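To start, the structure under review is shown below, and the notes come after it.
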Ligand SMILES: [Zn+2]
Ligand SMILES: [Zn+2]
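In this note's numbering, the protein residues as written are 83 to 425.
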């Protein structure tokens, strides 16, 4: 173990008020916890949740606040009780950076469901910075063969759409729909295509049709086209909602076959008005899930390395983080923005 890399202060880019541009901020991280690791940040993706936190959309932001939770870097310090990791090893840290490690959820490997799970950017500073710490279990090693400059978004967006494939035992023979083609949806299309499923992309307009096919969709349906929606009624096994808009949920549920599931990973703004008669006769389900566990993330990374699945990203120097956030706010990001901490 070496303290050569110890920094007295960490420096990052902080919002000082809701919707404010980010400004440089140095802070004292305190002593390294026994079970913590410290990483030198190389890259950090920008997620819509970063924007929501900067804007205090969920009411839990405290300022100043450094966003960033799609972090890739190398380990520069290991706490005395950190396990399974080496100095210099490249890892990623996502939406969560710690959990209690002893509750039922943690003990069964569902650390992401721990009641005291620690979000990386709620109540502490995140990865738009030179350094970040996490519990060792939540620093997930990168396998060889994945470009570290592109991989960051897998740790939040990627694990969010990959986890349901394992949780709900999606089979290669399944017909799966993906609603919304953005940061999450474009990865879902790539995963499901490599998984072997027949993949249908649902978009608000058919403008994105060619793009959806390029990303792995076999079929593209405009969710506003009621004739097209009727034509696929009763055909899908699983429908993954990555969109963040209110949609015609009854029409989407009607595309499911018996025992089909409408599953939410995108934060849609309003409550979902569904009568149980839409669920009971065909034994359909509604559900939602957060990011994956550390073990699910490791499985996802192995799958991504095998099939060379990476997010489609646009890169910005971290010194131009405000331009990068403006680009995200404009809705023009295709499909994820990644900050390079060396620039
Ligand atoms: Zn995120
Ligand atoms: Zn726990």
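For each residue, glycine too, the CB sits at the ideal point set by N, CA and C.
Bear in mind that the values here come from a model prediction, so they are computed numbers and not experimental data.
- Task: Starting from residue 409, follow the alpha helix (DSSP H) in both directions and report where the run begins and ends.
- Result: Position 327 of the chain shown, counted from the start, is the residue given in the question as residue 409. First-last of the alpha helix (DSSP H) with residue 409: 403-411.
- Message: Less than 7 Å separating the Cβ of residue 409 from some heavy atom of ligand 2?
- Response: Taking the chain shown and counting its residues from 1, one reaches residue 409 at position 327. Residue 409 Cβ: outside cutoff for every heavy atom of ligand 2.
- For residue 392, I'd like the list of residues in its chain whose CB is within less than 6 Å of its CB, leaving aside the five on either flank, ordered along the chain. By one-based count along the chain shown, residue 392 stands at place 310. Excluding positions up to five away in sequence, the list reads 232.
- Task: Examine chain C for any beta-carbon lying closer than 8 Å to the beta-carbon of residue 412, and answer yes or no.
- Result: In summary, chain C is missing from the structure at hand, where a single protein chain is found.
- Item | Continuous beta strand (DSSP E) stretch holding residue 156: start and end | For this step, residue 156 is matched to residue 74 along the chain shown. Counting along the chain, the beta strand (DSSP E) containing residue 156 begins and ends at 153-160.
- Distance, Cα to Cα, residue 147 vs residue 387? As a working mapping, residue 147 is identified with position 65 in the chain shown. As a working mapping, residue 387 is identified with position 305 in the chain shown. Going from the Cα of residue 147 to the Cα of residue 387 covers about 33 Å.
- Message: Threshold first: 3 residues or longer. Then list the beta strand (DSSP E) segments lying entirely within the stretch 320-408, N to C.
- Response: Within the stretch 320-408, the complete beta strand (DSSP E) runs of at least 3 residues are 338-346, 367-370 and 395-399.
- Message: Please give the ranges of any alpha helix (DSSP H) in the stretch 223-304, keeping only runs that are unbroken, at least 4 residues long and fully inside the region.
- Response: Annotation: the stretch 223-304 contains the following complete segments of the alpha helix (DSSP H) (minimum length 4 residues), in chain order: 230-233, 239-249, 267-277 and 291-296.
- Under the criterion of a Cβ to heavy atom distance below 7 Å, does residue 184 qualify as lining ligand 2? Residue numbering aside, residue 184 sits at position 102 when the chain shown is read from its first letter. Within the cutoff, so yes.
- Task: Using 10 angstroms around the beta-carbon of residue 414, count the other beta-carbons present and answer buried if the total reaches 16, otherwise exposed.
- Result: Mapped onto the chain shown, residue 414 falls at position 332. Its Cβ having fewer than 16 others within 10 Å, residue 414 is exposed.
- Under the assumption that residue 373 contacts residue 322 (Cβ atoms under 8 Å), give the Cβ distance between them as a whole number of angstroms. As a first step, residue 373 must be located in the chain shown, where it is residue number 291. As a first step, residue 322 must be located in the chain shown, where it is residue number 240. Their Cβ separation, rounded to whole angstroms, is 14 Å, which puts residue 373 and residue 322 out of contact at 8 Å.
- Task: Can you say whether residue 382 is buried or exposed, counting buried as having 16 or more other CB atoms within 10 angstroms of its CB?
- Result: Counting from 1 along the chain shown, the entry for residue 382 is found at position 300. That one is buried.
- Let me know the secondary structure DSSP gives residue 173 once reduced to three states. The residue you call residue 173 lines up with position 91 of the chain shown. Residue 173 carries a strand assignment under DSSP once its states are collapsed to helix, strand and coil.
- Message: Using the three-state DSSP reduction, which class does residue 203 fall into: helix, strand or coil?
- Response: Taking the chain shown and counting its residues from 1, the one referred to as residue 203 is at position 121. Residue 203 falls in the coil class under three-state DSSP.
- Own chain partners of residue 370 with C-beta closer than 8 Å, once the 5 adjacent residues on each side are dropped: As a working mapping, residue 370 is identified with position 288 in the chain shown. Closer than 8 Å at Cβ, skipping near neighbours: 345, 346 and 347.
- Nearest-angstrom Cα separation, counted from residue 236 out to residue 291: In the chain shown, the residue the question calls residue 291 occupies position 209. In the chain shown, the residue the question calls residue 236 occupies position 154. A straight-line Cα-Cα distance of about 24 Å links residue 291 and residue 236.
- Task: Measure the Cβ-Cβ separation of residue 314 and residue 337 and say whether it is below 8 Å.
- Result: As a position in the chain shown, residue 314 is number 232, starting the count at 1. As a position in the chain shown, residue 337 is number 255, starting the count at 1. In this structure, residue 314 places its C-beta atom within 8 Å of the C-beta atom of residue 337.
- Looking at C-alpha atoms only, which residue of 134, 90 and 99 is the closest neighbour of residue 114? Residue mapping note: residue 114 aligns to position 32 of the chain shown, counting from 1. The shortest Cα separation from residue 114 among 134, 90 and 99 belongs to 90.
- Separation of residue 397 from residue 192, as counted between CA atoms: Counting from 1 along the chain shown, the entry for residue 192 is found at position 110. Counting from 1 along the chain shown, the entry for residue 397 is found at position 315. Across the structure, residue 192 and residue 397 are spaced so that their CA atoms are roughly 32 Å apart.
- Message: Would residue 266 and residue 281 be called neighbours here (beta carbons separated by less than 8 Å)?
- Response: Counted from its first residue, the chain shown places residue 266 at position 184. Counted from its first residue, the chain shown places residue 281 at position 199. Result no, Cβ atoms of residue 266 and residue 281 do not sit closer than 8 Å.
- Item | Limits of the beta strand (DSSP E) - the one that residue 196 falls within | For the purposes of this step, residue 196 is taken as the residue at position 114 of the chain shown. Note, residue 196: premise wrong, no beta strand (DSSP E); not H, not E.
- Message: Does the distance between the C-beta of residue 326 and the nearest non-hydrogen atom of ligand 1 fall short of 7 Å?
- Response: Locating residue 326 in the chain shown gives position 244, where the first residue counts as 1. No, ligand 1 has no heavy atom inside 7 Å of this Cβ.
- Message: Do residue 119 and residue 218 count as a contact pair if the criterion is CB distance below 8 Å?
- Response: Position 136 of the chain shown, counted from the start, is the residue given in the question as residue 218. Position 37 of the chain shown, counted from the start, is the residue given in the question as residue 119. Yes, Cβ-Cβ distance for residue 218 and residue 119 is below 8 Å.
- Below 8 Å on the Cβ atoms is my guess for residue 140 versus residue 179; work out the distance and round it to an integer in Å. Within the chain shown, residue 140 is the residue found at index 58, counting from 1. Within the chain shown, residue 179 is the residue found at index 97, counting from 1. Not really, about 18 Å apart at Cβ, beyond 8 Å.
- Within its chain, find whatever has a CB closer than 8 Å to the CB of residue 131; leave out the 5 residues flanking it on each side and keep chain order. Numbered from its first residue, the chain shown carries residue 131 at position 49. Hits under 8 Å: 151, 177, 203 and 238.
- Task: Label residue 99 either buried or exposed according to how many other C-beta atoms from any shown protein chain fall within 10 Å of its C-beta, with 16 as the threshold for buried.
- Result: Mapped onto the chain shown, residue 99 falls at position 17. Within 10 angstroms of the beta-carbon of residue 99 lie fewer than 16 other beta-carbons, which makes it exposed.
- residue 175 and residue 216 look like a contact to me (Cβ under 8 Å); what is the Cβ gap, rounded to whole Å? The residue you call residue 175 lines up with position 93 of the chain shown. The residue you call residue 216 lines up with position 134 of the chain shown. The pair is a contact, with the Cβ atoms about 5 Å apart (cut-off 8 Å).
- Query: What separation, rounded to the nearest whole angstrom, lies between the Cα atoms of residue 159 and residue 330?
  - Reply: To locate residue 159, count along the chain shown from 1; it is residue 77. To locate residue 330, count along the chain shown from 1; it is residue 248. Using only the alpha carbons, I get a separation of about 50 Å.
- Looking at residue 207 and ligand 1, is the gap between the Cβ and the nearest heavy atom below 7 Å? In the chain shown, the residue the question calls residue 207 occupies position 125. Residue side-chain check: residue 207 keeps its Cβ at 7 Å or more from all non-hydrogen atoms of ligand 1.
- Examine ligand 2 and report whether any of its heavy atoms sits within less than 7 Å of the Cβ of residue 216. In the chain shown, counting from the first residue as 1, residue 216 sits at position 134. At a threshold of 7 Å, residue 216 does not count as near ligand 2, since its beta carbon sits no closer than that to any of the ligand's heavy atoms.
- Query: Who does residue 93 pair with in a DSSP beta bridge?
  - Reply: Here residue 93 is taken as the residue at index 11 of the chain shown, counted from 1. DSSP lists 108 as partners of residue 93.
- residue 129 CB to nearest heavy atom of ligand 2 below 7 Å: Taking the chain shown and counting its residues from 1, one reaches residue 129 at position 47. No; taking the cut-off as 7 Å, the Cβ of residue 129 has no heavy atom of ligand 2 nearer than that.
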